[in-house]
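From first to last, the protein sequence lines stand for chains R and C. All residue numbers for the first sequence refer to the numbering used here, where the first residue is 235 and numbers rise by one. All residue numbers for the second sequence refer to the numbering used here, where the first residue is 21 and numbers rise by one. Don't be surprised by glycine CBs; every beta carbon is placed ideally from N, CA and C. Note sheet for the following structure.
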Amino acid sequence: MSTITMANALNQALRDSIAEDENVLVFGEDVGTLGGVFRITDGLTRDFGEDRCFDTPLAEAGIVGFALGMCLTGFRPVVEMQFDAFAYPAFEQIASHVAKMRNRTAGKVTLPMVIRVPYAGGIGGVEHHCDSSEGYYAHTPGLKVVTPSTPADAYSLLREAIADPDPVVFMEPKVLYWSKADLELPATTEPFGRAAVRRNGTDVTLVTYGPSVPTALKAAEAAQEEGWNVEVIDLRTIVPFDDETVVESVRRTGRCVVVSEAQGFGGVAGEVAARVTERCFHSLEAPVLRVSGLDIPYPAPKLEHTYLPGVERILDAIARLQWDDVPDLHHAGAGATA
Amino acid sequence: MSDEPTVRHHESVVTPAGEHDITDGGPDMVQFLDAEGNRLETNESNAPYAEIVEALTAEDGRAMYRDLVLVRRVDAEGHALQRQGELGLWPSLLGQEAAQVGAGRAMRPQDYAFPGYREHGVAWCKGVPPENLLGMFRGVNNGGWDSNENNFHLYTIVIGNQMLHATGYAMGIQRDGAVGTGDESRDAAVMAFTGDGGTAQGDYNEALVFAGVANAPVVFFVQNNQWAISEPNYKQFRIPPYLRARGFGFPGVRVDGNDVLASYAVSKAAMDAARAGQGPTLIEAFTYRMGAHTTSDDPTKYRIAAEVDIWREKDPIKRMRGFMEKNGHADQEFFDAVDAEADEIAARIRKACQEMPNPELPTMFDNIYVDEHPVVAAERDEFVAYHASFEGAGH
Ligand SMILES: Cc1ncc(C[n+]2csc(CCOP(=O)(O)OP(=O)(O)O)c2C)c(N)n1
Ligand SMILES: [Mg+2]
Chain R
235 MSTITMANAL NQALRDSIAE DENVLVFGED VGTLGGVFRI TDGLTRDFGE DRCFDTPLAE
295 AGIVGFALGM CLTGFRPVVE MQFDAFAYPA FEQIASHVAK MRNRTAGKVT LPMVIRVPYA
355 GGIGGVEHHC DSSEGYYAHT PGLKVVTPST PADAYSLLRE AIADPDPVVF MEPKVLYWSK
415 ADLELPATTE PFGRAAVRRN GTDVTLVTYG PSVPTALKAA EAAQEEGWNV EVIDLRTIVP
475 FDDETVVESV RRTGRCVVVS EAQGFGGVAG EVAARVTERC FHSLEAPVLR VSGLDIPYPA
535 PKLEHTYLPG VERILDAIAR LQWDDVPDLH HAGAGATA
Chain C
21 MSDEPTVRHH ESVVTPAGEH DITDGGPDMV QFLDAEGNRL ETNESNAPYA EIVEALTAED
81 GRAMYRDLVL VRRVDAEGHA LQRQGELGLW PSLLGQEAAQ VGAGRAMRPQ DYAFPGYREH
141 GVAWCKGVPP ENLLGMFRGV NNGGWDSNEN NFHLYTIVIG NQMLHATGYA MGIQRDGAVG
201 TGDESRDAAV MAFTGDGGTA QGDYNEALVF AGVANAPVVF FVQNNQWAIS EPNYKQFRIP
261 PYLRARGFGF PGVRVDGNDV LASYAVSKAA MDAARAGQGP TLIEAFTYRM GAHTTSDDPT
321 KYRIAAEVDI WREKDPIKRM RGFMEKNGHA DQEFFDAVDA EADEIAARIR KACQEMPNPE
381 LPTMFDNIYV DEHPVVAAER DEFVAYHASF EGAGH
């Protein structure tokens with residue numbers, strides 16, 4: 235056992251994938267000599283050579299379009315977008331081509347590509363460095379969308395993403411890059427497509443993912459002191475979505491709060507709330523609530539702590555789950571973010 | 021097909037370090053001052069601009085020198101404020117002062133500048149108070165100035181995007197008839213700034229296509245500071261930016277970006293041509309990023325100190341001062357006064373930074389739509405009430 239950060243785990247997953255499969259290539263801006271601005275590709279060029287990990291020109295549409303072409307020749311590219319908002323120049327390639335190639339070729343061509351995207355806020359980054367862009371990808375059929383919240387999952391999910399025959403958008407919560415765990419690598423966690431129950435509880439289910447998982451766990455501990463026994467589910471893979479684990483939990487607890495950093499309107503949290511409502515309606519004691527980012531552009535760093543879903547807002551949402559069977563008139567039906 | 025590059029001018033092909041000299045801009049580069057500030061003889065590349073330089077007075081030179089020193093001091097203060105925790109991030113322009121002051125001084129008030137994020141020197145020349153640049157880096161706003169007040173657009177962090185905005189603006193003023201009238205106070209043009217790395221982006225190349233097709237009044241000013249974070253030129257392009265301009269249908273010029281006279285002269289000629297309706301020019305200012313990419317970066321990971329040392333010898337301020345001293349254009353009293361002014365400005369910026377108020381919470385809901393959107397308004401009201409509920413509750 236050793237203490238490993240999420241950044242270390244991702245680096246090791248890339249190393250092991252490169253070592254095991256000669257078709258795996260890592261490329262992007264500053265990933266070579268520098269090892270990436272977050273050092274996730276640290277030492278890969280040194281240890282495996284320019285052939286396996288290399289710097290590209292500064293053009294994201296180019297990086298992803300070019301990765302697509304390389305897939306066609308049998309490579310398995312793992313590309314890095316430097317920050318969430320800097321992946322947007324590549325969005326056309328991703329949405330129009332990467333996501334659809336298998337469908338357009340009637341299954342003849344698959345694209346085993348991984349697009350790594352450091353995402354979300356909480357690091358005091360200036361604008362364009364804090365976006366939660368998972369919703370755009372999750373909304374695009376043909377893409378798998380993955381986001382780890384622990385070092386073990388970072389390793390295991392990235393290995394699986396690279397081995398996966400479909401394109402995977404691998405969303406890395408920047409704020410957790412330096413989070414640590416004692417573990418032995420290689421580690422294998424729950425399989426792709428499975429959510430993980432991070433904390434067992436009986437009264438309410440918090441469904442969350444990525445950067446919000448530690449916050450949800452803290453909120454669950456705080457809620458315990460107030461007498462609520464909270465279950466916390468980490469989705470791990472937003473696509474494919476694990477209805478089974480979520481539905482089983484909510485049917486048991488009868489209450490559900492979805493926690494996500496992204497803007498609430500039209501986002502992943504809304505999708506989760508809708509799926510839970512459709513499947514668990516008769517078990518629900520209260521409307522499903524969302525605690526999400528606000529429906530505004532990501533604010534300047536001095537305000538981000540109020541924008542991000544924190545423990546207080548999660549507790550506040552839990553408190554509003556009609557524990558006394560008194561309908562919460564203010565929120566019922568509004569579906570508003572807490 | 022052979023492995024030989026299809027390019028004929030082999031000397032202009034950009035190749036890995038060691039195979040070409042990243043400290044030498046080559047014979048095409050327009051230069052008026054050598055590293056010591058000696059005025060160079062007229063030669064093939066600087067001849068077209070010699071008249072502009074000849075027309076500069078000692079007074080003009082002093083004004084340029086003052087800008088160089090003040091801009092460097094503003095930058096140093098930004099860097100220091102970041103180190104002391106007052107700013108979250110600072111991208112330093114150290115080494116690029118002459119490129120920016122030359123370009124900035126070639127603009128008239130009616131001309132519009134579209135910067136990247138390092139153009140503090142251009143901002144200065146456009147009259148933007150340096151304090152205004154700090155808000156975004158302090159984390160109190162997402163921009164912080166009215167871009168129409170000084171015709172200086174907001175900083176654009178997403179590489180290359182602003183080149184399109186600049187070209188669109190140029191096409192707009194072209195349609196307004198503010199180009200080629202011969203009226204000095206009316207004719208306008210645009211300057212669009214990016215870096216060597218920026219030239220790889222699709223947006224950059226599309227902007228050049230549009231500008232060429234429309235013959236738009238825009239000057240693309242590429243500061244080739246040799247590095248795009250950790251990536252040197254040879255990872256971004258095979259042919260340097262100034263030579264690529266031809267392919268888009270307009271002239272490209274490489275200028276010594278550490279020579280303020282050359283940067284000014286080349287910029288003025290290009291802006292005059294654009295205002296007169298003669299279309300775009302691409303200027304590649306050959307310079308060097310003396311510092312880290314930003315305060316978050318550690319350049320020792322990817323470049324050698326010897327390279328920085330060579331470029332330190334080409335310092336733009338030392339060079340201009342040498343020129344002025346050799347020609348008796350300024351005395352010690354002048355230089356001391358500029359230094360004193362720099363200290364005053366630095367103190368002013370520091371104070372303004374420290375006193376910058378944190379934004380009030382409800383302001384983050386402002387200015388999202390022109391008309392209030394009920395979803396946002398409801399969230400704001402709920403949110404304000406929610407935060408008010410903590411007041412007096414020990415939170
Ligand atoms: C679209 C986009 N991709 C990546 C980045 C991250 N990034 C910020 S600056 C930079 C390098 C820019 O180099 P260059 O254009 O030479 O300008 P310089 O910083 O040297 O002034 C990169 C890759 C970004 N801001 N935008
Ligand atoms: Mg550069």
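Contact check for glutamine 182 of chain C against alanine 293 of chain R fails: the beta carbons are separated by 7 Å or more. Apart from the 5 residues on each side of it in sequence, threonine 237 of chain R sits with its Cβ closer than 7 Å to the Cβ of Lys414 and Asp416 in its chain, given in chain order. Between serine 383 of chain R and glycine 444 of chain R, the gap from beta carbon to beta carbon is short of 7 Å. In chain order, the residues positioned with their C-beta nearer than 7 Å to some heavy atom of ligand 2 are C:Gly215, C:Asp216, C:Gly217, C:Gln243, C:Asn244, C:Asn245, C:Gln246, C:Trp247, C:Ala248 and C:Arg309. One alpha carbon belongs to glutamate 361 of chain R, the other to glutamate 71 of chain C, and they sit about 44 Å apart. At a Cβ-Cβ threshold of 7 Å, valine 358 of chain C and valine 121 of chain C do not count as neighbours. Here the C-alpha atom of methionine 376 of chain C lies approximately 8 Å from the C-alpha atom of glycine 155 of chain C. Following the DSSP letters along the chain, one finds aspartate 416 of chain R inside the beta strand (DSSP E) bounded by residues 414 to 417. Residues of the stretch 177 to 199 of chain C that bring their beta carbon within less than 9 Å of a beta carbon in chain R comprise Ile177, Val178, Ile179, Gly180 and Asn181, in sequence order. Within chain C, the residues placing a beta-carbon under 7 Å from that of histidine 362 of chain R are Ile177 and Val178, ordered along the chain.
Think of a sphere of 8 Å around the beta carbon of isoleucine 552 of chain R: no beta carbon from chain C falls inside it, the nearest being about 14 Å out. The secondary-structure analysis by DSSP pairs cysteine 373 of chain C with nothing; it has no beta-bridge partner. Within the same chain, Cβ atoms closer than 6 Å to the Cβ of asparagine 463 of chain R are found at Gly435, Thr436 and Asp437, the five residues on either side in sequence being excluded. Setting aside the 5 residues that flank it on each side, valine 473 of chain R is surrounded in the same chain by Ala372, Lys378 and Val379, each with a C-beta closer than 6 Å to its C-beta; the list follows chain order. For proline 535 of chain R, the neighbours in chain C by C-beta distance under 7 Å run, in chain order, Gly108 and Gly159. CA-to-CA, the gap between serine 32 of chain C and valine 50 of chain C works out to about 15 Å. At a cut-off of 6 Å, the beta-carbon of isoleucine 530 of chain R does not count as near ligand 1: no heavy atom of the ligand is closer than that. Glutamine 243 of chain C has C:Gly215 and C:Ala305 as its beta-bridge partners, per DSSP.
If you ignore the 5 residues before and after isoleucine 330 of chain C, its C-beta comes within less than 8 Å of the C-beta of Thr43, all in its own chain and listed in chain order. Taken from the Cβ of valine 178 of chain C, at least one heavy atom of ligand 1 lies inside 6 Å. Per DSSP, the beta bridge partners of alanine 133 of chain C are C:Phe172 and C:Met211.
For histidine 40 of chain C and threonine 344 of chain R, the gap between their C-alpha atoms comes out near 42 Å.
Around aspartate 400 of chain R, the same chain offers Arg336, Thr344, Leu345, Pro346, Gly376, Leu377 and Lys378 as residues with beta carbons nearer than 8 Å, after the five sequence neighbours per side are excluded. In this structure, the beta-carbon distance from leucine 440 of chain R to valine 502 of chain R does not fall below 7 Å.
When only Cα atoms are considered, glycine 192 of chain C and asparagine 244 of chain C end up about 28 Å apart.
Between proline 149 of chain C and threonine 176 of chain C the beta-carbon gap is near 20 Å, outside 8 Å, which marks them as no contact. Linking threonine 442 of chain R to leucine 419 of chain R through their CA atoms gives a straight-line distance of about 25 Å. The three-state reading of DSSP puts glutamate 495 of chain R in strand, counting E and B together. With the criterion set as a beta carbon lying under 8 Å from some beta carbon of chain R, the members of the stretch 204 to 225 of chain C are Gly217, Gly218, Ala220, Gln221, Gly222 and Asp223, in sequence order. For lysine 342 of chain R, the closest C-alpha among the options R:Leu306, R:Arg350 and R:Met315 is that of R:Leu306. If you check the C-beta of arginine 249 of chain R against ligand 1, you find no heavy atom less than 6 Å away.
Only those residues of the stretch 501 to 533 of chain R whose C-beta falls short of 9 Å from the nearest C-beta of chain C are listed: Leu528, Asp529, Ile530, Pro531, Tyr532 and Pro533. Not one heavy atom of ligand 1 falls within 6 Å of the beta-carbon of arginine 280 of chain R. By the Cβ criterion, the stretch 275 to 284 of chain R is not in contact with the stretch 316 to 323 of chain R, since fewer than three pairs of Cβ atoms, one from each stretch, lie closer than 8 Å. Judged by DSSP secondary structure, valine 502 of chain R falls within the alpha helix (DSSP H) whose first and last residues are 502 to 514.
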